[in-house]
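Just so you know, the protein sequences line up as chains A and B, in that order.
Position one of the first sequence corresponds to residue 1 (the UniProt record's numbering), numbered consecutively onward.
Position one of the second sequence corresponds to residue 1 (the UniProt record's numbering), numbered consecutively onward.
Number of protein chains: 2
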Amino acid sequence: MTSQPATQPATQPADRPRRRDAERTRAEILAVAQSEFARHGYAGARVDEIAELMRTTKRMIYYYFGSKERLYVAVLEKAYSEVRAVERTVDVEHLAPVEAIRTLAELTFDHHDAHRDFIKLVAIENIHQGEHIRTSEVLANLGAPVLDLISRILEAGRASGDFVTEADAIDVHMMISAFCFFRVANQHTFGALFGRDMTAPEHRERLRRMVGEMTVAYLRGAGGSA
Amino acid sequence: MTSQPATQPATQPADRPRRRDAERTRAEILAVAQSEFARHGYAGARVDEIAELMRTTKRMIYYYFGSKERLYVAVLEKAYSEVRAVERTVDVEHLAPVEAIRTLAELTFDHHDAHRDFIKLVAIENIHQGEHIRTSEVLANLGAPVLDLISRILEAGRASGDFVTEADAIDVHMMISAFCFFRVANQHTFGALFGRDMTAPEHRERLRRMVGEMTVAYLRGAGGSA
DNA sequence: ACATTAATTAACTATCTAGTACGTAAAACG
DNA sequence: CGTTTTACGTACTAGATAGTTAATTAATGT
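Dropping the structure here:
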């Protein structure tokens, strides 16, 4: 977040007169704000601090977003929308049920592994009882596509006899998300208590396989008392 | 949190002169602070607000704890210690491996279900990169007992042939914790996206069984490609 | 009884922080 | 061109907030 892409320098050359670029300014505010909110939480993030990390002034934040809270909501909406975009690229339709659900679990793992800021924003939003996500219409029904996908995989799996468990799509999605989310979100307290950083590279592949195996094992119905 | 137990009224009767009770004052500060930190996060919690919710003044917070940060650390330590006390009461030694790990998973589920404030404090601490939990010696090696227990169950399970998976105790503990923690910690964003409150009573029993079955299924090795 | 210490209160302050008033310059438009 | 609109900067303010000063009262020991 501190380094800028080489094609667009962070600071304007001093000799050239100040350039105006509404899109770019807005985008930069959002990017810096995302990093700051993720790093310090909503109350802990400082509007002045966000301004200082940019080539713009604080006034611009209020010019474009009106208030700290509306800036935060804009950050949330952007982060969630980017996530949806990624999830749509998943193509597991042509796979057999077992491999389809395993692949989906591993893709979720990869996604959470790659989007640390997003995870922190979600955690922060939950601390505030989801009061902002609830008011945003942009974010409603954002979960529907994944549920459709899982439902179809579960049906196919039961039809083929691979899946025995009478599982619900939302439950299965929670099971997968919980594993992937927790590993990243709770890395610090878990690391402090058990002396192992679950996000360290040496644990990555093993845990990635673990989500898939866990999900498949559950759906095959091996957890019953029999 | 607003109502007080009937045996100990929140406010002193006006006729009797003010009573002094260091223990009680300290304990009340901690209790109110826990609720406030859990509700608003570290930066969002207000020292003045904590004081107003008590029969004491703000000065007492500084008298007993010195600073907002040290108060927060004290809250964390108290919350973690209470958790350890509960975990020690678990008696699964006499059970067969499959039932032992299933029972442990369900107890973890119950525990997370019952200690919402604790979960929020853990989430908050992770947002701050665990900087406070790292400095507290009270909290180091707090995880060891559970790991011992899980290790013994896993060994017994492999010896009896019930468990096939070459699982690591820390990994298994993370798998169980992730499910139980996520369900409570992410209830708001998950509820907003998928239209289901996973902490609602009608989902409780089903999800409780699900952790157990998931864990057992995984350890039985049903997730393999074969 | 009386001095000492521990607990408590009220009022205060320095600083931080979200938000704003006001002015200016670059584009867009005619 | 000249006028309007959009984007931006400087300097400020009102209120909040963590932390303090100093006096006061209840318990404790002798």
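From the three backbone atoms N, C-alpha and C, an ideal C-beta is built for every residue, glycine too.
All values reported here derive from a predicted model rather than from experimental measurement.
Does Q129(B) come out as helix, strand or coil in the three-state DSSP assignment? The answer is coil: DSSP assigns Q129(B) none of H, G, I, E or B.
- Going by the C-beta, is D91(A) closer than 8 Å to any heavy atom of the ligand HEM? What this structure holds is no ligand at all, so the ligand HEM is not there to describe.
Q) Which of helix, strand or coil does DSSP assign to F182(A)? A) helix
(message) Would S35(A) and P97(A) qualify as a contact pair, given that the criterion is a beta-carbon distance under 9 Å?
(response) no
Looking at chain A, is there any beta carbon in it that lies within less than 9 Å of the beta carbon of Y72(B)? no
| field | Collapsed DSSP secondary structure at F190(B) in the structure displayed | value | helix
Are the C-beta of Y218(A) and some C-beta of chain B separated by less than 9 Å? yes
Review point. What does a CB cutoff of less than 6 Å around R183(B) pick up in its chain, not counting 5 residues either side in sequence?
Key: M198
Residue range of the unbroken alpha helix (DSSP H) whose run includes residue 236(B): Beyond the ends of chain B as shown, which are 1 and 226, falls residue 236(B); an answer cannot be given.
Apart from the five residues on each side of it in sequence, which residues of its chain come closer than 6 Å, Cβ to Cβ, to R209(A)? none
Review point. Given 8 Å as the limit, is there contact between the region 133 to 144 of chain B and the region 211 to 218 of chain B, that is, 3 or more CB pairs closer than that?
Key: The region 133 to 144 of chain B vs the region 211 to 218 of chain B: no contact.
query: Just checking my contact of M54(A) with V32(A) at CB under 8 Å: how many whole Å lie between their CB atoms?
result: Right, the Cβ-Cβ distance comes to about 5 Å (below 8 Å), so this counts as a contact.
query: Using the beta-carbon of each residue, which ones in chain B are nearer than 7 Å to K120(A)?
result: I127
Note to self: With a threshold of 6 Å on Cβ separation, who are the neighbours of S151(A) within its own chain once the five nearest residues in sequence on each side are excluded?
What the structure shows: If we look at S151(A) and ignore the five residues flanking it on each side, its Cβ neighbours are A169.
Endpoints, alpha helix (DSSP H) assigned at R24(A): 22 to 44
query = Do I153(A) and A100(A) have their C-beta atoms within less than 9 Å of each other?
reply = yes
_Can you tell me whether R16(B) is buried or exposed? The criterion is at least 16 other CB atoms within 10 Å of its CB, across all chains shown._
Below a pLDDT of 50, predicted positions are generally treated as unreliable, and R16(B), at 36, falls in that range; no measurement from the model is reported.
Beta-carbon contacts of Y80(A) that lie in its chain and below 7 Å, excluding the five residues immediately before and after: L139, L142
Exercise. Just tell me which of A105(A), G224(A), T57(A), V164(A) has its CA closest to the CA of C180(A).
Key: When each option's Cα is compared against that of C180(A), the closest is A105(A).
Margin query: With the cut-off set at 9 Å, would you say V164(A) and R220(A) are in Cβ contact?
Written below: yes
- Query: Of all the residues that make up the region 170 to 184 of chain A, which are near chain B by a beta-carbon distance shorter than 9 Å?
  - Reply: I170, D171, H173, M174, M175, S177, A178, F179, C180, F181, F182, R183
Which stretch, first to last residue, makes up the alpha helix (DSSP H) that contains F109(A)? Note, F109(A): alpha helix (DSSP H), 97 to 114.
Through-space distance from G223(B) to E166(B), alpha-carbon basis: 12 Å
message = For Q187(B), would you say it is in contact with chain A, using Cβ-to-Cβ distances shorter than 9 Å as the test?
response = yes
Span separating the alpha-carbon of Y72(B) from that of D48(A): 25 Å
| My guess is that H40(A) and A43(B) are in contact by the Cβ rule of under 8 Å, so how many angstroms apart are they, rounded? | 7 Å
- request: Give the secondary structure of D168(A) by DSSP, where H, G and I count as helix, E and B as strand, and everything else as coil.
  value: coil
- Integer-rounded CB distance, given that T56(B) should sit under 8 Å from Y28(B): Strictly speaking, residue 28(B) in this sequence is Glu, with Tyr absent from that position. About 7 Å separates the Cβ atoms of E28(B) and T56(B), confirming a contact at the 8 Å cut-off.
- Taking 9 Å as the CB-CB cut-off, is A140(B) touching chain A? yes
**Q.** 7 Å Cβ shell around A185(B) - same chain, five flanking residues per side excluded
**A.** I119, A123
Contact set between R116(B) and chain A, taken where Cβ atoms lie within less than 8 Å
Under the 8 Å cutoff, chain A gives no residues; its nearest Cβ is about 11 Å from R116(B).
Please report how far the alpha carbon of D110(A) lies from the alpha carbon of L149(B), in whole angstroms. About 31 Å.
_Pop quiz: F37(B) and L121(B) are said to be a contact at Cβ under 8 Å. What is the actual Cβ separation, rounded to whole angstroms?_
6 Å
- Task: Kindly list the residues whose CB is nearer than 8 Å to the CB of L76(A), restricted to its own chain and excluding five residues on each side of it in sequence; keep chain order.
- Result: L121, E125, H132, I133, S136, L139
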